[in-house]
Each structure stands twice: as C-alpha cells, then as structure tokens.
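Input: a single structure, listed below in structure tokens.
Chains as they are written, first to last, in the numbering used here: chain A, 1 to 247; chain B, 248 to 385.
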C-alpha cells in the first residue's frame with residue numbers, strides 16, 4: 001500500500017506566525033518611540049498672549065489705527081476700490097499670527113493711503129470664547145472702535161477654549177480704548193449685534209469657509225475671489241493687492 | 248471573499264492618503280503659515296508642543312516616512328514585505344494611541360488633521376496589512 005502523502009502545513013499557521021513577529025516588532029518600536037518622546041522632549045513653545053492680570057497692546061492698537069476711518073466691520077476709506085475680506089475667529093492663533101505679522105503692513109501700505117479697505121467677517125467656530133469675543137468686538141463697532149478692540153483682543157489672546165475671554169479682560173480693553181463699558185456690555189447682548197454675527201456666519205457658510213484665516217479680495221462690486229497668501233509677510237499681501245488694484 | 252489584489256490595492260490607497268495627511272502636517276511644521284484653524288481649534292497648540300518632535304524630527308515626518316515605507320513594501324510584495332508592512336502599521340497604531348492620549352490629557356488640545364491620521368488612516372492600514380499577513384501562503 002503506498003504511503004499516505006503528507007499534508008502541507010496549513011497557510012494559517014504561517015500567517016499567524018508572521019503576525020506574531022509583526023506584533024512583537026511593533027511593540028518594541030512603540031516602546032522605543034514612546035520612551036524617546038517622554039524622556040527626550042524639549043520645552044513647549046506655547047502661544048497665548050495676555051499676561052496674568054494686565055492687558056497688552058492697547059496703545060499699539062490705538063496708534064496703528066489712528067485716524068483711519070472705520071464703519072463697524074469695515075476699516076478704511078469707503079470709496080477704496082479694493083476690499084480685502086478677512087474671515088477670522090478671534091480665538092484662532094493663526095489669525096493672531098496674521099494680525100501681528102501681516103495686518104500692520106497692510107494697514108500702513110494700503111488702508112491708510114485709501115487704496116484698500118478691510119472687511120472683517122467674524123466666525124465663532126472654535127468654541128464659546130469665540131462667540132463672546134466676536135459679540136463684544138462687534139459691539140465695539142457701535143462706538144466706532146471695532147478694529148482697535150479686535151487688535152487688542154488678539155494681543156491678549158489666550159489658550160483656545162480656556163475661558164480666557166473674561167469680563168475682566170474685556171472691560172480692561174474697553175476702558176483702555178476709551179469705550180463706554182456699560183454700553184459695550186449692553187450692545188454685546190443686543191439683537192442687532194447678534195444679527196450681525198449671524199450674517200457673518202451665513203456669509204462664511206455660503207463660501208464654505210472651513211478654516212481661518214481665510215482671505216477674499218473684492219474689486220469694486222465684482223464677485224469676491226479667494227486669495228491664498230504664501231505667508232503672512234506683508235510682501236505676500238502686497239502682490240495680491242497690487243494685482244487687484246491694477247485690474 | 249476579498250482577493251489579495253484588492254487588499255494590496257487597498258493598502259496602497261490608504262498609505263497614499265496617509266502620505267497626503269502626514270505630508271501636509273510635515274509641511275505645516277516647517278511652514279507654520281500654512282496651518283489654518285478648524286472647528287474645535289487646537290492645531291497650533293499640538294503642533295507647537297514639545298511632543299511634536301522626536302529627537303528633533305517632526306512626528307509628522309516620521310509618519311510620512313512610515314507611509315512611504317509601506318508603499319515601497321506593497322510594491323515589493325513578498326512574504327517578508329507583508330510582515331514588515333504589518334509591523335509598521337501596528338507600530339503606528341500603538342504610537343497613535345499614545346498621541347491621542349497626549350492630546351486628551353496632557354496637551355489638552357486637539358489637532359484635527361492629526362486625529363484624521365490617528366483615528367482613520369492608521370487603523371485602516373493596520374487592518375488591511377494584518378489581513379494580508381494572515382492570508383500569507385506557506
């Protein structure tokens with residue numbers, strides 16, 4: 001009788017053995033990576049403005065925007081041909097970076113001479129602090145200082161959703177800018193301000209703005225178009241705005 | 248029954264998605280202006296934290312290299328290559344769990360793109376590569 005042929009080893013055993021090898025190697029790699037991450041990390045470069053108690057940036061905001069006309073969320077000469085529309089969340093640290101690095105140059109070179117006007121579209125999608133910051137900023141527009149308030153808020157920006165937008169902070173900024181705090185509080189709670197905020201949210205939704213900051217340029221009454229500056233350096237905005245002005 | 252060809256294609260597609268996300272995060276690490284804030288916030292906090300680098304190498308870059316390695320192994324396609332790909336994917340799962348824990352309890356902020364990578368791409372890659380290894384012939 002011929003001998004029974006041996007069955008080949010089942011596939012599954014080979015696969016399972018390889019899987020064990022893979023899992024073992026993975027465990028070793030993870031241990032090394034986690035160990036290195038915990039033991040060898042440097043310090044944090046955390047963002048966040050506002051020191052403990054004091055506020056900063058009030059004078060700078062006042063100086064930067066001194067004598068530039070503004071009408072609520074629009075900064076600059078009403079007849080300026082080109083509008084730079086800024087979609088922003090006052091809690092957004094990237095927006096803060098733009099405010100510090102790009103905004104002053106744009107204001108000095110284009111807004112102050114009357115070539116370009118800025119329009120702020122405030123969004124409040126990062127969290128509750130965003131909503132409060134936006135409502136008070138819009139309310140400051142009722143007293144003609146929306147842009148100073150916005151600039152000072154950015155200068156004192158805290159960690160996202162940490163509850164940094166306190167009444168105390170808002171009052172200090174308002175007082176520092178010469179605003180009527182009682183009126184500011186009342187206007188921040190008003191239906192008019194809420195309507196403004198909702199309109200801005202609608203505009204952002206319509207344009208499907210997924211993140212901030214986002215920039216659009218509008219020439220005259222034409223349809224606004226999105227622009228993507230390569231950096232927050234004023235020169236990056238200069239090429240965009242010069243193109244729009246020459247069109 | 249899913250064919251090995253389909254699984255192999257699946258691994259390649261997921262690894263390519265990983266290259267895209269990790270590539271973006273790596274780019275953002277070196278070019279911070281590229282980052283935008285999305286709903287919920289947290290991106291910059293996570294990207295700027297001391298946990299974002301390992302021995303001076305951005306974690307995102309490590310992820311990018313891992314995805315490129317998986318793509319290379321998929322092209323090679325031997326038993327050893329499949330095992331190595333699974334080892335890389337399983338390592339990524341373990342490290343992703345660590346990174347999510349850090350965001351939740353230490354950094355106290357979320358990076359949306361990091362979560363897309365850690366909660367979607369990495370687990371999917373692990374499932375597909377492990378599945379291929381289990382089907383390895385003797």
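Think of the CB as a built atom: it goes at the ideal place given N, C-alpha and C, for glycine as much as any other residue.
Just so it is clear, the structure is predicted and the values come from calculations on it, not from any experiment.
Cβ-based burial, residue i [other Cβ within 10 Å; buried from 16]
i: residue 82 (chain A); result: buried
i: residue 278 (chain B); result: exposed
i: residue 78 (chain A); result: exposed
i: residue 325 (chain B); result: exposed
i: residue 149 (chain A); result: buried
i: residue 252 (chain B); result: exposed
i: residue 147 (chain A); result: buried
i: residue 262 (chain A); result: Nothing can be reported for residue 262 (chain A): it is not among the residues displayed for chain A, which extend from 1 to 247.
i: residue 306 (chain B); result: buried
i: residue 322 (chain B); result: exposed
i: residue 57 (chain A); result: buried
i: residue 59 (chain A); result: exposed
i: residue 208 (chain A); result: exposed
i: residue 120 (chain A); result: buried
i: residue 348 (chain B); result: exposed
i: residue 187 (chain A); result: buried
i: residue 137 (chain A); result: buried
i: residue 133 (chain A); result: buried
i: residue 28 (chain A); result: exposed
i: residue 151 (chain A); result: buried
For residue j and residue i, the rounded distance between their alpha carbons
i: residue 247 (chain A); j: residue 203 (chain A); result: 25 angstroms
i: residue 366 (chain B); j: residue 341 (chain B); result: 12 angstroms
i: residue 184 (chain A); j: residue 131 (chain A); result: 15 angstroms
i: residue 45 (chain A); j: residue 160 (chain A); result: Note on residue 45 (chain A): pLDDT 45, under 50, position unreliable in the model; no value is reported.
i: residue 257 (chain B); j: residue 310 (chain B); result: 18 angstroms
i: residue 165 (chain A); j: residue 201 (chain A); result: 20 angstroms
i: residue 18 (chain A); j: residue 250 (chain B); result: 19 angstroms
i: residue 110 (chain A); j: residue 141 (chain A); result: 21 angstroms
i: residue 26 (chain A); j: residue 308 (chain B); result: 18 angstroms
i: residue 228 (chain A); j: residue 241 (chain A); result: 12 angstroms
i: residue 378 (chain B); j: residue 318 (chain B); result: 16 angstroms
i: residue 233 (chain A); j: residue 221 (chain A); result: 27 angstroms
i: residue 218 (chain A); j: residue 334 (chain B); result: 52 angstroms
i: residue 238 (chain A); j: residue 106 (chain A); result: 8 angstroms
i: residue 15 (chain A); j: residue 364 (chain B); result: 27 angstroms
i: residue 76 (chain A); j: residue 360 (chain B); result: 36 angstroms
i: residue 113 (chain A); j: residue 213 (chain A); result: 24 angstroms
i: residue 268 (chain B); j: residue 275 (chain B); result: 11 angstroms
i: residue 174 (chain A); j: residue 67 (chain A); result: 18 angstroms
i: residue 65 (chain A); j: residue 167 (chain A); result: 24 angstroms
i: residue 37 (chain A); j: residue 271 (chain B); result: 22 angstroms
i: residue 50 (chain A); j: residue 177 (chain A); result: For residue 50 (chain A), the pLDDT reaches just 44, beneath the cut-off of 50, and the residue's location in the model is therefore unreliable, leaving the point undetermined.
i: residue 143 (chain A); j: residue 231 (chain A); result: 33 angstroms
i: residue 256 (chain A); j: residue 88 (chain A); result: Shown here, chain A extends from 1 to 247; a query on residue 256 (chain A) therefore has no answer.
i: residue 61 (chain A); j: residue 205 (chain A); result: 30 angstroms
i: residue 339 (chain B); j: residue 94 (chain A); result: 29 angstroms
i: residue 54 (chain A); j: residue 155 (chain A); result: 12 angstroms
i: residue 320 (chain B); j: residue 92 (chain A); result: 40 angstroms
i: residue 47 (chain A); j: residue 327 (chain B); result: Reliability of the predicted coordinates at residue 47 (chain A) is poor, the pLDDT of 44 falling under 50, and the value obtained from them is presented with this limitation in mind. When rounded, the distance between both Cα atoms is 46 angstroms.
i: residue 262 (chain B); j: residue 63 (chain A); result: 52 angstroms
i: residue 344 (chain B); j: residue 216 (chain A); result: 39 angstroms
Unbroken beta strand (DSSP E) run spanning residue i, endpoints
i: residue 122 (chain A); result: 116-123
i: residue 248 (chain A); result: In the structure as shown, chain A begins at 1 and stops at 247. Residue 248 (chain A) is therefore absent and cannot be evaluated.
i: residue 215 (chain A); result: 214-219
i: residue 226 (chain A); result: 225-227
Contacts that residue i makes with chain C (C-beta to C-beta distance below 7 angstroms)
i: residue 337 (chain B); result: In the structure shown, chain C cannot be found, because the protein chains are A and B.
Closer than 9 angstroms at the beta carbon, the chain B residues around residue i
i: residue 36 (chain A); result: 301, 302
Under 8 angstroms from the C-beta of residue i: neighbouring residues of chain A
i: residue 345 (chain B); result: 30, 33, 34, 37
Contact set between residue i and chain A, taken where Cβ atoms lie within less than 7 angstroms
i: residue 377 (chain B); result: 19
i: residue 330 (chain B); result: 18, 21, 22
Under 7 angstroms from the C-beta of residue i: neighbouring residues of chain B
i: residue 40 (chain A); result: 302
i: residue 89 (chain A); result: 284
Unbroken alpha helix (DSSP H) run spanning residue i, endpoints
i: residue 249 (chain B); result: From DSSP, residue 249 (chain B) is part of no alpha helix (DSSP H); its letter is neither H nor E.
i: residue 342 (chain B); result: 326-352
i: residue 110 (chain A); result: Residue 110 (chain A) -> no alpha helix (DSSP H), and no H or E assigned at all.
i: residue 152 (chain A); result: 146-155
i: residue 298 (chain B); result: Segment: none, residue 298 (chain B) is in no alpha helix (DSSP H) and carries neither H nor E.
i: residue 235 (chain A); result: 234-246
i: residue 361 (chain B); result: 359-363
i: residue 377 (chain B); result: 369-381
i: residue 366 (chain B); result: Run containing residue 366 (chain B): none; DSSP gives neither H nor E here.
i: residue 55 (chain A); result: Careful: residue 55 (chain A) lies outside any alpha helix (DSSP H) and carries neither H nor E.
i: residue 95 (chain A); result: 93-101
Interface partners of residue i on chain B, CB under 8 angstroms
i: residue 210 (chain A); result: 283, 285
Heavy atom of the ligand ZN within 6 angstroms of residue i beta-carbon
i: residue 150 (chain A); result: Ligands are entirely absent from the displayed structure, and the ligand ZN is therefore not among its contents.
DSSP bridge partner residues for residue i (one or two, in chain order)
i: residue 71 (chain A); result: A:74
i: residue 304 (chain B); result: B:301
i: residue 284 (chain B); result: A:212
Listed by chain order, chain A residues near residue i by CB distance under 9 angstroms
i: residue 341 (chain B); result: 26, 27, 29, 30, 31, 33, 34
i: residue 351 (chain B); result: Per Cβ cutoff of 9 angstroms: no residues; residue 351 (chain B) is ~14 angstroms from chain A at best.
i: residue 334 (chain B); result: 21, 22, 23, 24, 25, 26, 29
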